[in-house]
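Protein sequence lines correspond, in order, to chains U and R. Per numbering that gives the first Met the number 0, the first sequence starts with residue 0, numbered consecutively. Per numbering that gives the first Met the number 0, the second sequence starts with residue 0, numbered consecutively. To start, the structure itself, in structure tokens.
Protein chains: 2
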Amino acid sequence: MLKVTTAKADGRVVRGDQTRRAILERAAAIASVEGLEGLSIGRLAGELDSSKSGVFAHFGSKEELQLATVRWAREVFVAEVITPALRAPAGLRRLWRLCEAWLEYASRPVFPGGCFFASVAVEFDARPGRVSDAIAEAHRAWQRYLEEAVVRARELGELTADADPRQLAFELDAFTRATQDALLFEERSVYTRARRAMLHRLRALATDPGLLPKSPR
Amino acid sequence: MLKVTTAKADGRVVRGDQTRRAILERAAAIASVEGLEGLSIGRLAGELDSSKSGVFAHFGSKEELQLATVRWAREVFVAEVITPALRAPAGLRRLWRLCEAWLEYASRPVFPGGCFFASVAVEFDARPGRVSDAIAEAHRAWQRYLEEAVVRARELGELTADADPRQLAFELDAFTRATQDALLFEERSVYTRARRAMLHRLRALATDPGLLPKSPR
DNA sequence: CCTACCGATCGGTAGG
DNA sequence: CCTACCGATCGGTAGG
Chain U
0 MLKVTTAKAD
10 GRVVRGDQTR
20 RAILERAAAI
30 ASVEGLEGLS
40 IGRLAGELDS
50 SKSGVFAHFG
60 SKEELQLATV
70 RWAREVFVAE
80 VITPALRAPA
90 GLRRLWRLCE
100 AWLEYASRPV
110 FPGGCFFASV
120 AVEFDARPGR
130 VSDAIAEAHR
140 AWQRYLEEAV
150 VRARELGELT
160 ADADPRQLAF
170 ELDAFTRATQ
180 DALLFEERSV
190 YTRARRAMLH
200 RLRALATDPG
210 LLPKSPR
Chain R
0 MLKVTTAKAD
10 GRVVRGDQTR
20 RAILERAAAI
30 ASVEGLEGLS
40 IGRLAGELDS
50 SKSGVFAHFG
60 SKEELQLATV
70 RWAREVFVAE
80 VITPALRAPA
90 GLRRLWRLCE
100 AWLEYASRPV
110 FPGGCFFASV
120 AVEFDARPGR
130 VSDAIAEAHR
140 AWQRYLEEAV
150 VRARELGELT
160 ADADPRQLAF
170 ELDAFTRATQ
180 DALLFEERSV
190 YTRARRAMLH
200 RLRALATDPG
210 LLPKSPR
């Protein structure tokens, strides 16, 4: 107990947290390219100029490292996509900003392998276990968030009453994920294509298309 | 040379081909779940009650095994999706059969991990090399095939002139791939959702909606 | 096709 | 946080 206090006092806990964050940042980047199974503790240590056991000690098992990486990526996703969209007024404009923020997040790219969740969701979709569950939960949360944004836009009368929130969220999500091809083909035009598809779909259901951008970029 | 002839005569080459096909069938099934990197020669041998070197000898390297598996999966895809659609008359009906055959292929499922190409395309999208190239080429061929089906339907006057083939192919392909969620969430309703999305999109562009199925199933 | 092996790397542990 | 190690498994080879 005294030791913990001492550790805090001399900054060791703070340094430990910074190291942990540095590990997770690198882990998420690697996993977006190589997958969460392809992510190895030895390689991670090598890239961070640390020892294997030094990395290992922060998590206790590979599965815990994977789970912590999923949680970290989720925080990045919220900061990059959800938070920026909250600056737009609720309703259709926020729904659109959500779509646009996703495109920016995927195309910048924030993770070198494109959207972290698009990559690992496919990797774990046919595997059982806690990591798969955590990925599925994060993915579902994003789809629910999109769906709720549709519901809100409809409540505000900015989408027609016959817009099916679950169906529309599915379609918008499908367009975002299809942009993963940009990496495989090294062709960025797919982001424009996704943007056009989303805009076209929303325009058809909008009561006031003026709330959406004018031209397909 | 004489030896080769003898081998043919006593059926060894035929048996070799059968073994090779059995290996590739299993390899494609494993890879759709674990990925083409997660596919190991040792595990493959174990599942086939063979020895590691017995499997290895058929391909010479892991990369050649991966390439042969991609070619095999491509043949399966053609037999399951392209060939059935050719029974429909050219134009909008064939385009629709193509979409429907894809849904059946993915949902049956032909591969335990869903669509083989949807799985490995994401796995290899940020990696260089021959395997990635082969996957990209197969994926592109499917998109081109969809696009050509759109062009043909438009030439026959069954789709309006303003239907953009590349854009429409992108959107239909996006809906097919979003069905991969069915495995992650263990929820088959996503196939119905994809079907509805495709049908809705095609109806809006069809000059005679009577060529498409009446009700969204 | 087999057994028997190679060096490298994996996740994880012991002891400090 | 480190070095040094464990058994298991990887892709690949030798020799038959």
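Note that CB positions come from ideal geometry on N, CA and C, so glycine has one too.
Under the Cβ distance rule, residue 65 of chain R does not count among the residues neighbouring chain U, no pair being separated by less than 8 Å. Beta-bridge pairing by DSSP links residue 205 of chain U to U:158. Residues of the stretch 173-202 of chain U that bring their beta carbon within less than 8 Å of a beta carbon in chain R comprise 173, 174, 176, 177, 179, 180, 182, 183, 184, 189, 192, 193, 195 and 196, in sequence order.
Taken in chain order, the members of the stretch 135-146 of chain R whose beta-carbon sits within less than 9 Å of a beta-carbon on chain U are 135, 138, 139 and 142. Neighbours of residue 121 of chain U across chain R, judged by C-beta separation under 8 Å: 117, 118, 121, 122 and 179. By the Cβ criterion, the stretch 174-183 of chain R is in contact with the stretch 172-180 of chain U, since at least three pairs of Cβ atoms, one from each stretch, lie closer than 8 Å. The C-beta distance from residue 111 of chain R to residue 32 of chain R rounds to 6 Å, short enough to fall under 8 Å. In summary, residue 161 of chain R is exposed, with fewer than 16 beta-carbon neighbours lying within 10 Å of its beta-carbon over all protein chains present. For residue 118 of chain R, the enclosing alpha helix (DSSP H) begins and ends at 115-123. Per DSSP, residue 184 of chain R is one residue of the alpha helix (DSSP H) stretching across 180-184. By the neighbour-count definition (other C-beta atoms within 10 Å, threshold 16), residue 30 of chain U is a buried residue. Along the stretch 83-95 of chain R, none of the residues has a CB nearer than 7 Å to a CB of chain U.
Interface with chain R (8 Å Cβ-Cβ cutoff): residue 36 of chain U is included. Here residue 17 of chain U is exposed, its C-beta having fewer than 16 other C-beta atoms within 10 Å. Secondary structure at residue 138 of chain U: helix, using DSSP grouped into helix, strand and coil. With fewer than 16 other Cβ atoms from the protein chains shown falling within 10 Å of its own Cβ, residue 85 of chain U counts as exposed. Going by DSSP, residue 173 of chain U is part of the alpha helix (DSSP H) stretching over 164-177.
Here residue 135 of chain R really is in contact with residue 183 of chain U; their C-beta atoms are around 5 Å apart, less than 8 Å.
The Cβ of residue 41 of chain R sits no closer than 8 Å to any Cβ of chain U.
With a beta-carbon spacing of about 5 Å, residue 68 of chain R and residue 27 of chain R fall inside the 8 Å limit used to define contacts.
The beta carbon of residue 210 of chain R sits closer than 7 Å to the beta carbons of 91, 92 and 157 from its chain, once the five residues preceding and following it are set aside; these are given in chain order. In terms of CA proximity to residue 193 of chain U, U:181 leads the group U:204, U:181 and U:185. For residue 113 of chain R, the residues of chain U that pass the 9 Å Cβ criterion are 121, 124 and 125, in the order they occur in the chain. Your pair residue 146 of chain U and residue 164 of chain U checks out as a contact, with CB atoms roughly 5 Å apart and the cut at 8 Å. When U:23, U:40, U:36 and U:38 are compared, the shortest CA-CA separation from residue 71 of chain U is found for U:23. Under the three-state reduction of DSSP, residue 39 of chain U is assigned to coil, being neither helix nor strand. Between the beta-carbon of residue 143 of chain U and that of residue 89 of chain U there is about 16 Å, and that puts the pair past the 8 Å contact cut. With a threshold of 8 Å between beta carbons, residue 54 of chain U makes no contact with chain R.
Between residue 36 of chain R and the set R:81, R:207, R:137 and R:63, the nearest pair of CA atoms involves R:63. Annotated three-state conformation of residue 106 of chain R is helix, per DSSP. Comparing alpha carbon positions, the residue from R:58, R:141, R:206 and R:153 closest to residue 79 of chain R is R:141.
In this model, residue 198 of chain R and residue 60 of chain R are separated by some 44 Å (Cα to Cα). Between residue 100 of chain U and residue 83 of chain U, the C-beta spacing is below 8 Å. Taken through DSSP and simplified to helix, strand or coil, residue 34 of chain R comes out as helix. Between residue 166 of chain R and residue 202 of chain U, the CB-CB gap reaches or exceeds 8 Å.
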